[in-house]
Amino acid sequence: MGDRQACWLVGTKGGLLRGDLDGNWEKVGGYNFRVTSIVRNAERVVVGVGSGLWEVDMGGGMWKQLHDETLTEVLAIGAIPGDPGIVAASAYGIATGERDEMGAVRWSFWSDDLLVNERFSNAVLVVDDKRWLVGTEGGVLVAEDGGENWTHTSLSGTPVRGLCRALGSFWAGTDERGIWRSEDGVNWKQAGRGLDQGTVFDLTESGGKIVAGSLEGIVVGDGEGSWQRLGPRMLMAAVAADPTDANTWLAGGDPGGLWITRDAGETWQQMGVPATIEVILVPEGD
Amino acid sequence: MRAEEYGRQVDARSERMIEEMAGRANSLWSAHALMVQGQKEQVEQLVYDQFGKPNLGPFGRVASGTFEIQAAMLLVCRWGDELADEVLERVRQVMTRGMLDRGNTENHWLMHYAANLLASERWGDADVWWNGLPPQAMHQEAKRWILGMIARTALIGHHEYDSPQYHLCHVLAMISLADHARDEQVRSQAEKVLTLLVADMALEYFKGSWAGGHSREGYRDNTRSRPGSIPGLEFLYFGGEEFDPKMHIHDMVGPALTARYRPPALLAEMAWDRETVHVVRKTKAPRTIYRHVDGESRAVRKYTYMSKSFALGSTQVGLPGEPAGPIDLISWDLTWEGVDQQAKITCNHPYRGPGRFSAFLSELPQNIGCGVPTDKPYLQFPDRLFGASPYERVMQHEGTVVALYRIPPSDENRYLNLFLPKSIDWTERNGWILGDSGDFHVALYPIGPYRWVFIREENLIDGWLLRVEGEDVGLVLEVVEAEHFEDFGKYVGERASACPDLNDWPRAERVSVATWKGERLEMTYDGEHRIDGEAIDYEAYPLYGAPGVEAEMRTGKMAFRRGGERVELDFGIDPDAEMLPMRVIG
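For the protein sequence lines, the chains are P and D, in the order given. Under this note's numbering, the first residue of the first sequence is numbered 176, with each subsequent residue one higher. Under this note's numbering, the first residue of the second sequence is numbered 3, with each subsequent residue one higher.
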């Protein structure tokens with residue numbers, strides 16, 4: 176589990192966990208923050224937390240603060256070029272940062288002119304360096320030109336809590352309006368059948384299907400036919416699929432702990448992590 | 003009163019409080035009393051016992067909260083020269099190697115940044131701060147937030163305003179900066195804002211209680227005579243009554259007792275001035291509501307009528323609509339001098355709608371309604387008397403309040419809770435409920451059917467709870483000094499002969515009532531509030547408005563005047579400069 180890239184990472188209400196599919200889980204450092212979001216690359220691990228943004232020392236040492244006095248309630252993050260190289264989605268809007276002369280990051284907010292519900296950002300998906308899809312309490316908005324300009328989309332009037340890019344499309348999970356799909360991020364249509372009033376918090380792709388965490392557990396489908404509900408019936412706030420095995424998925428209850436299936440949702444087993452799960456990140460590389 | 007004389011009085015009260023506090027000191031706050039009495043070893047033991055204990059487990063680092071680090075830094079800054087090196091080292095370790103969390107309320111952030119600013123000045127030679135940055139970076143961040151918070155307070159009003167529970171945290175944090183910050187700008191601005199914070203206390207001080215609306219009061223606090231942690235500080239700064247350890251000794255007031263900072267004397271005189279009946283107007287910062295609504299919260303406007311024997315205060319809360327309902331907010335109350343739980347009247351719609359918590363907390367709306375009340379079940383109690391309702395509208399003119407509620411059928415609590423103390427023998431006549439306190443008369447006209455219920459919780463509340471039931475309900479309350487009537491019977495006769503005009507309620511959403519003086523209050527639920535036909539202009543409220551007080555909005559300048567004395571504040575703020583965003587709740 177020592178390798179930064181090789182382990183699974185799980186953000187919980189009480190800190191960051193790392194582990195493997197055999198059920199070996201440990202806390203990273205003693206920090207008790209509510210970890211809502213994770214970005215990892217070869218150089219570092221960054222977590223968004225209830226009270227800000229941190230660069231994690233995976234060796235258990237001191238984390239490095241990336242927020243300032245304006246950035247807090249971070250709910251999602253995405254990697255962009257530069258330093259600190261993060262676009263942060265928070266209850267107060269979308270923000271990007273720059274280092275000052277002391278190495279501290281100062282944040283600029285790009286959502287201030289939006290409506291209150293449109294500022295509150297639950298999810299961010301980096302389309303390219305300067306274009307981000309943002310799931311807000313008011314729907315999906317597109318931040319253009321690094322947040323300088325905003326485009327409203329056809330998916331509006333409902334909270335959007337999860338976004339992903341898979342199978343050549345963009346996908347969005349909404350409150351009480353199921354899963355939506357878009358080719359360009361601007362024009363959206365409800366996807367699949369049988370989930371019209373469903374609430375979806377997180378989405379991923381595995382084996383050519385969309386796997387989503389919903390208020391009623393896991394749902395699976397291809398966005399055309401019916402959505403199939405699987406597994407324990409609880410609020411699944413996070414879901415992730417093993418990149419090396421299309422049948423192995425992890426799902427996180429809020430509350431409800433961490434669950435695993437190794438047969439594409441036929442059977443589920445708890446993983447001994449009885450926490451409130453906020454986010455799950457799959458291993459990268461070998 | 004001359005400053006020297008006032009200083010002597012404060013010192014004398016401080017000495018009495020220290021003597022009492024030292025005998026029961028058991029925290030880093032009350033440790034200041036022990037230091038005065040030369041019991042340094044006890045203080046050092048308190049630090050070892052209560053601060054900086056490493057976590058169990060593999061990482062061995064110390065997690066500490068905002069209250070703890072503020073208390074520790076106040077102790078180190080005030081008494082550091084006398085404390086053992088090991089004690090100072092323990093605090094230094096936490097501040098440079100700990101795991102700190104700045105919390106999510108304004109008092110949390112203020113204590114976090116005040117403690118970090120002071121620590122980074124003291125231990126600026128540390129190679130790295132607890133957050134992995136240079137100590138100078140922490141100092142700059144803390145300075146920006148503290149000066150920004152002070153500027154906002156001076157321009158548009160305090161955010162966590164007038165809280166009997168948390169105001170003390172603000173005062174202590176600012177004392178720590180005014181007394182000990184090495185940064186001259188921080189020290190100077192902190193001292194100025196301290197005067198504003200004490201002025202906030204003084205202007206609505208009514209014989210030991212803090213009258214009117216509050217951003218945050220604790221569970222069952224708003225029916226108490228001396229709510230929250232503030233009575234000790236009020237006694238220290240305002241005096242005016244016999245020392246009572248039960249009322250005036252609160253652990254957290256310890257650092258104020260030995261501080262250099264003392265407020266201007268005229269604020270104490272204002273606090274006790276009952277000679278002139280007057281109105282206090284205040285403007286406070288908008289509430290933080292960050293989702294489930296499209297519109298912004300508006301400024302909070304407070305109106306408090308300070309009479310000889312009572313104070314009546316209410317708030318235009320400026321909320322943007324359902325489901326915005328800050329959980330600790332108190333919008334109005336009637337206060338007078340009396341025994342605990344027997345000298346307040348207030349009412350509340352115990353709003354519980356979905357979205358109430360998630361409108362200002364970022365956890366998932368789908369389960370936050372289970373999560374928050376698990377720790378604080380009283381936030382959902384049906385007989386609750388605190389917490390804002392999005393369906394409440396209030397207007398006030400002098401001693402008369404009209405409170406109207408339009409509760410939708412979907413709301414599970416379609417009623418009001420109206421608290422009446424048992425200390426008054428109540429009379430019912432012609433729809434009015436009338437009482438004689440001796441010094442003043444009070445009349446209430448519930449709008450809607452009601453029933454009397456007894457409410458009692460040991461040491462917390464003891465009185466009548468009138469449950470006013472229905473979707474379109476309300477209350478008219480009038481308070482009048484007894485001296486204006488020959489006797490209570492005369493008042494009952496006159497008041498009961500003139501009922502509020504409810505002909506337009508709820509159809510046109512309008513209620514009107516004539517006061518005992520003949521003035522007519524006319525209130526439209528989501529419309530204008532008129533007095534004798536003239537609409538109240540809440541937008542014209544100053545930052546502070548009261549006799550002897552001049553403080554316009556967005557100027558950063560204010561003056562307090564009394565007799566020949568005058569205190570002027572100029573925060574030197576460019577009102578056109580962009581304000582710090584206030585990203586805290588409460």
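Every residue gets a Cβ at the ideal spot worked out from N, C-alpha and C, and that includes glycine. Note that this is a predicted model, so its numbers are computed, not measured.
Exercise. Closer than 7 Å by beta-carbon distance: list the chain A residues that pair up with Met101 (chain D), in chain order.
Key: Among the protein chains in the structure shown, which are P and D, there is no chain A.
Quiz prompt | Residue range of the alpha helix (DSSP H) that includes Ser122 (chain D) | solution = Glu108 to Arg124
Quiz item: CB Ser398 (chain P) to CB Ala413 (chain P), shorter than 8 Å?
Solution: Correcting the residue identity first, residue 398 (chain P) is Gly in this sequence and not Ser. In this structure, Ala413 (chain P) does not lie closer than 8 Å to Gly398 (chain P) by Cβ.
Quiz item: Counting only beta-carbon atoms, is Arg585 (chain D) nearer than 8 Å to chain P?
Solution: yes
Quiz item: By Cβ distance, which residues of its chain are closer than 8 Å to Asn297 (chain P), with the 5 residues on each side in sequence left out?
Solution: Leu250, Ala251, Ala264, Gly310, Thr311, Glu312, Pro334, Val335, Arg336 and Gly337
Quiz item: Along the chain, where does the alpha helix (DSSP H) that runs through Ala139 (chain D) open and close?
Solution: Pro137 to Ile158
Quiz item: Between the stretch 242-255 of chain P and chain D, which residues of the former have a C-beta closer than 7 Å to a C-beta of the latter?
Solution: Asp243, Glu244, Thr245, Thr247, Glu248 and Leu250
Quiz item: Thinking C-alpha only, which one of P:Val457, P:Trp355 and P:Thr271 is nearest Gly227 (chain P)?
Solution: P:Thr271
Self-check item: CA nearest to the CA of Val375 (chain P), picked from P:Ala450, P:Gly388 and P:Lys364
Solution: P:Gly388
Quiz item: In whole angstroms, what is the alpha-carbon distance linking Pro502 (chain D) and Arg218 (chain D)?
Solution: 32 Å
Exercise. With DSSP collapsed to three states, give me the class of Gly491 (chain D).
Key: helix
Quiz prompt | Val408 (chain P) in three-state terms, based on DSSP | solution = With the sequence shown as reference, residue 408 (chain P) is identified as Arg, and Val is not the correct amino acid for it. Arg408 (chain P): coil per DSSP, three-state reduction.
Quiz item: How about Leu446 (chain D): is its C-beta nearer than 8 Å to some C-beta of chain P?
Solution: no
Quiz item: Around the C-beta of Cys372 (chain D), are 16 or more other C-beta atoms found within 10 angstroms, so that it is buried, or is it exposed?
Solution: exposed
Quiz prompt | First and last residue of the uninterrupted alpha helix (DSSP H) at Ser190 (chain D) | solution = Glu186 to Leu205
Exercise. Would you check if the distance between the CB atom of Arg395 (chain D) and the CB atom of Glu473 (chain D) is smaller than 8 Å?
Key: no
Quiz prompt | Minimum Cβ-Cβ distance from Glu322 (chain P) to chain D less than 8 Å | solution = Sequence inspection shows Gly at residue 322 (chain P); the Glu mentioned does not correspond to that position. No, Gly322 (chain P) does not count as interfacial toward chain D.
Quiz prompt | chain P contact for Glu324 (chain D) (CB, 8 Å cutoff) | solution = no
Exercise. Give a yes or no on whether 8 Å exceeds the smallest Cβ distance from Met237 (chain P) to chain D.
Key: yes
Exercise. Consult DSSP for Gly448 (chain D) and reduce its assignment to one of helix, strand or coil.
Key: Checking the sequence, you will find Pro at residue 448 (chain D) rather than Gly. Three-state result, Pro448 (chain D): strand.
Exercise. Given a cut-off of 8 Å, decide if Ala73 (chain D) and Ile177 (chain D) are closer than it, judged by their beta-carbon atoms.
Key: no
Quiz item: According to DSSP, is Tyr8 (chain D) helix, strand or coil?
Solution: helix
Quiz item: What separation, rounded to the nearest whole angstrom, lies between the Cα atoms of Ile435 (chain D) and His443 (chain D)?
Solution: 11 Å
Quiz prompt | Beta-carbon contacts of Tyr305 (chain D) that lie in its chain and below 7 Å, excluding the five residues immediately before and after | solution = Val281, Arg283, Gly315, Ser316 and Gln398
Practice problem: Report the residue from D:Ile148, D:Asn419 and D:Val515 whose alpha carbon sits nearest the alpha carbon of Met581 (chain D). | Solution: D:Ile148
Quiz item: In chain D, which residues lie with their C-beta within 9 Å of the C-beta of Asn199 (chain P)?
Solution: Per Cβ cutoff of 9 Å: no residues; Asn199 (chain P) is ~14 Å from chain D at best.
Exercise. Say whether chain D places a C-beta atom closer than 8 Å to the C-beta of Met277 (chain P).
Key: yes
Quiz item: Do you know how far the Cα of Glu46 (chain D) is from the Cα of Asn28 (chain D)?
Solution: 11 Å
Quiz item: In the stretch 302-320 of chain P, which residues sit with their C-beta less than 8 Å from some C-beta in chain D, listed in chain order?
Solution: Glu312 and Gly313
Quiz item: DSSP state of Thr211 (chain P), grouped into three classes?
Solution: strand
Quiz item: Just reading off the alpha helix (DSSP H) that Gln490 (chain P) is part of, what are its end residues?
Solution: The structure shown does not extend to residue 490 (chain P), since chain P is modelled only from 176 to 461, so the question has no answer here.
Quiz prompt | Burial state of Ala579 (chain D), where buried means 16 or more other Cβ atoms lie within 10 Å | solution = exposed
Quiz prompt | Contact set between Pro266 (chain D) and chain P, taken where Cβ atoms lie within less than 9 Å | solution = Under the 9 Å cutoff, chain P gives no residues; its nearest Cβ is about 30 Å from Pro266 (chain D).
Quiz item: Can you give the beta carbon distance from Ser329 (chain P) to Trp363 (chain P), rounded, assuming they're within the 8 Å contact cut?
Solution: 5 Å
Exercise. Give the straight-line distance between the Cα atoms of Leu207 (chain P) and Leu205 (chain D), rounded to the nearest whole angstrom.
Key: The identity of residue 207 (chain P) in the sequence shown is Asn, whereas the question assumes Leu. Approximately 41 Å, taken between the alpha carbons.
Quiz prompt | CB-CB length for Val654 (chain D) against Leu30 (chain D), believed under 8 Å | solution = Absent from the structure is residue 654 (chain D), since the part of chain D shown begins at 3 and ends at 588.
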